[in-house]
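Peer 1: One structure is given below, represented as structure tokens, and several questions about it will come after.
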Amino acid sequence: MQSTDASLENIRKDFQILDRKVGDNKTLIYLDNASTSQKPKQVIDAITHYYNNYNANIHRAVYSIAQEATESYEKTRDKIAQFLNISKREEIIFVRGTTEAINLVAYAWGRKNIEKDDIIVTTEYEHHSNIVPWQILAKEKDAKLEYIGIDDNGELLLDQLDKYLSTGKVKLVTFSMVSNVLGTISDTDTIISKCKKAGVKTLIDGAQAVPHMKVDIEKLGCDFFAFSAHKMLGPTGIGVLWVRKDILEKMDPFHGGGDMIREVHKYETTWNDLPYKFEAGTPNIADVIGFGAAIDYLSNIGMDKIRQHEIEITQYALEKLSKVNSLKIYGTNDISKRGGVISFNFADIHPHDVAQIIDEEGIAVRSGHHCAQVLMEKLDVAATSRASFYIYNTKADVDALVNSLEKVSRIFKL
Amino acid sequence: MSNADIYHEMIIDYSRNPLNFGKLENPDVTYHDSNPLCGDSIDIDLKIKEDKISDIKFHGKGCAICMACTSVLTELTKGKGIDDVKKINKNDILSELGLEHLQAVRIKCALLSLKVLKYALYSYLAKHLKVTEDADKLKEEAASLY
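From first to last, the protein sequence lines stand for chains H and Y.
Take the first sequence: its position 203, counting from 1, is numbered 203 in the working numbering, and each next residue is one higher.
If you want the working numbering, it's the position in the second sequence, counting the first as 1, plus 414.
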């Protein structure tokens, strides 16, 4: 690995998938990490170990393996608390992923707190998962959904937030910490401090942030925070919603069923303590345990090192790609404001055609609207190609991407 | 067939210079559809005279496969009788461009315009009360293309 950091040099051997051949017998170069990351052996082993050795349901039975399963599941909650500096473990709720986390807030907090003519503020660079749940809620409550726009650098126009806040009607400001298309790192501190002054709640979609940089939830001072395991070396189907305890205590349950109850009678039920009130039914035990292994893996490397590595790769990629003729890169060149995500368009060639041709070279990039059609409309494009990096990517991967674009250029006679 | 082989001369040419691209004035029927996952988006305008497609144009955005297939489809359609056009099937389009082995993820790019054309004819026939059974069959065909 060409990284200057020794601790990242040997990690590629933990990712067996990076050895496989695709396309024209080319080694896989995986550049779709904003979509989902690959999983190291340690994560896969933790899941297999659970199924082979102590598969049992949690929180109920008294026999040994059930206790082991419960301990292992709950240990992940503690690891998350430590990883993100959360002092109250009961504020951490396991959900299926970021999408479910946001829907949980819209349902269990939103339906109780949003009223007619209230305003929910989101941004133009949100993923559909941070737009659609609020559209549904706004329709139901006859409330309004407003958008903070973006400038030509792909940064939020925060004076628009001031304008919305000054109406006194805003109940929630919800935004992604890092844009999944532009890579823009939101000015989280400014947004939260403005909202706090106005007494407005904030929700952060941390799906593209938590895997890539040090996040300190206590310090952020937001009210809701959501992220997914599968973008940070963990399995699919598991994620976290964190909610400040005083808010969580006043929220009604999301799903009714087993595990979320204290006592059930024929016509009434009392709720279990936090966080179990929000974890109805048998949870995704194996993948929570796998998630714990992913957090260990990232913690061992250190999030600051991971961010530094991505800065190097992204900077290198921006330099290389900006030299390719007819290639337009979206978003800022200021690396301090950009995560490891680069969206681009190549001449008049549709991103699907680009992706298919470079797949022959083993290169996996995403093409499409990236579940961000509001942003695509704003950029006035149908789609973009997107390369996104993670700990195992190297400068050689970037070189391969740039070289593969020459083939596209040749086929399309640019 | 290797993935990149689908990008042969004809596909690239049609994608750069699509045939019958544009809009018709006062079309007898116009229909729009898109592929939600990739963003291909096609509108087809038809002029119909004496049960013949007297003119056809399309506009929209799409990948090279989508644009090339739509070009071919509009050529196959222009000047033909409605009964003939109804019979156009996916193999007519794919074989014309050597795309018989197109992978599943790209089939929707190739067949979007055929879907739009079938829906357009359906809506025309349904509106003009021309044998409803036939129209319904077209609708079913369009819905089950991919």
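A virtual CB, placed ideally from N, CA and C, is assigned to each residue, including glycine.
Just so you know, these numbers come straight off a predicted model, no measurement behind them.
#1: For residue 185 of chain H, is the classification buried or exposed, using 16 other Cβ atoms within 10 angstroms of its Cβ as the cut-off for buried?
#2: Is the shortest distance between the beta-carbon of residue 357 of chain H and the beta-carbons of chain Y less than 8 Å?
#3: Once DSSP output is grouped into helix, strand and coil, what is the label at residue 238 of chain H?
#4: According to DSSP, is residue 46 of chain H helix, strand or coil?
#5: Which of the three DSSP states is assigned to residue 57 of chain H in this structure?
#6: Output, in chain order, the set of chain H residues within a Cβ distance shorter than 7 Å of residue 451 of chain Y.
#7: From residue 436 of chain Y to residue 472 of chain Y, what distance separates their C-alpha atoms?
#8: Checking contacts by CB at 8 Å: is residue 509 of chain Y closer than that to chain H?
#9: Taking 8 Å as the threshold, find out whether the region 385-393 of chain H comes into contact with the region 153-161 of chain H through three or more Cβ pairs.
#10: Would you list the residues sitting across from residue 343 of chain H in a DSSP beta bridge?
#11: Apart from the five residues on each side of it in sequence, which residues of its chain come closer than 8 Å, Cβ to Cβ, to residue 27 of chain H?
#12: Anyone know if the C-beta pair for residue 443 of chain Y and residue 537 of chain Y falls short of 8 Å?
#13: So if I threshold CB-CB distances at 9 Å, which residues from the region 34-48 of chain H count as touching chain Y?
#14: Compare the C-alpha of residue 155 of chain H against each of H/332, H/395 and H/384 and name the closest.
#15: If you draw a straight line from the C-alpha of residue 30 of chain H to the C-alpha of residue 141 of chain H, how long is it?
#16: For the region 465-483 of chain Y, which residues have a CB atom closer than 7 Å to at least one CB atom of chain H, in sequence order?
#17: Cβ of residue 226 of chain H within 8 Å of Cβ of residue 291 of chain H?
#18: Residues of chain Y with a CB under 7 Å from the CB of residue 364 of chain H: which are they?
#19: Please state the DSSP three-state secondary structure of residue 365 of chain H.
#20: Does any CB atom of chain Y fall closer than 8 Å to the CB of residue 309 of chain H?
#21: State the Cα-Cα distance for the pair residue 485 of chain Y and residue 504 of chain Y, rounded to the nearest angstrom.
#22: Exposed or buried, what is residue 97 of chain H when buried is set at 16 or more other beta-carbons lying within 10 Å of its beta-carbon?
#23: Would you mind telling me which residues of chain H sit closer than 8 Å to residue 455 of chain Y, beta carbon to beta carbon, in chain order?
#24: Suppose the cutoff is 7 Å on Cβ atoms and the five residues either side in sequence are ignored; what does the same chain contact list for residue 14 of chain H look like?
#25: Mind listing which residues of the region 120-134 of chain H have their C-beta closer than 9 Å to chain Y's C-betas, in chain order?
#26: According to a CB-to-CB cut-off of less than 7 Å, which residues of the region 330-355 of chain H neighbour chain Y?
#27: Tell me which same chain residues have a C-beta within less than 7 Å of the C-beta of residue 375 of chain H, skipping the five on either side of it?
#28: If contacts are defined as beta-carbon pairs under 8 Å, then residue 445 of chain Y and residue 530 of chain Y qualify, I think. What distance do you get, rounded to the angstrom?
#29: Which same chain residues, not among the five before or five after residue 411 of chain H, have their C-beta less than 7 Å away from its C-beta?
Peer 2: Let's see:
#1: By the 10 Å Cβ count, residue 185 of chain H comes out buried.
#2: Chain Y contact via Cβ: present.
#3: Reduced to three states, the DSSP call for residue 238 of chain H is coil.
#4: Secondary structure at residue 46 of chain H: helix, using DSSP grouped into helix, strand and coil.
#5: Here residue 57 of chain H carries a coil assignment [DSSP, helix/strand/coil].
#6: Here the neighbours are 368.
#7: Rounded to whole angstroms, the gap between the alpha carbons of residue 436 of chain Y and residue 472 of chain Y is 5 Å.
#8: With 8 Å as the cut-off, residue 509 of chain Y does not count as an interface residue toward chain H.
#9: Touching, no, given that fewer than three Cβ pairs across the two stretches are closer than 8 Å.
#10: Residue 343 of chain H is bridged to H/386.
#11: If we look at residue 27 of chain H and ignore the five residues flanking it on each side, its Cβ neighbours are 18, 19, 20, 21 and 362.
#12: Result yes, Cβ atoms of residue 443 of chain Y and residue 537 of chain Y sit closer than 8 Å.
#13: For the region 34-48 of chain H, no residue has a beta-carbon sitting nearer than 9 Å to a beta-carbon of chain Y.
#14: For residue 155 of chain H, the nearest C-alpha among the options comes from H/332.
#15: Approximately 43 Å, taken between the alpha carbons.
#16: Of all residues in the region 465-483 of chain Y, 475, 476, 477 and 478 have a Cβ within less than 7 Å of some Cβ in chain H.
#17: Judged by beta-carbon spacing, residue 291 of chain H lies beyond the 8 Å limit of residue 226 of chain H, meaning their Cβ atoms are not closer than that value.
#18: For residue 364 of chain H, no chain Y residue has a Cβ inside 7 Å of its Cβ, as the nearest lies near 13 Å away.
#19: Secondary structure at residue 365 of chain H: coil, using DSSP grouped into helix, strand and coil.
#20: No - not a single Cβ of chain Y is within 8 Å of the one on residue 309 of chain H.
#21: Spanning the two alpha carbons is a distance of roughly 14 Å.
#22: Label assigned to residue 97 of chain H: buried.
#23: From the beta-carbon of residue 455 of chain Y, the residues of chain H found nearer than 8 Å are 382.
#24: Hits under 7 Å: 40, 41 and 42.
#25: Residues: none.
#26: Result list: 350, 352 and 353.
#27: Cβ neighbours of residue 375 of chain H beyond the five flanking positions: 124, 125 and 181.
#28: Contact between residue 445 of chain Y and residue 530 of chain Y holds: their C-beta atoms lie close to 5 Å from each other, under 8 Å.
#29: Taken in chain order, the residues that qualify are 357.
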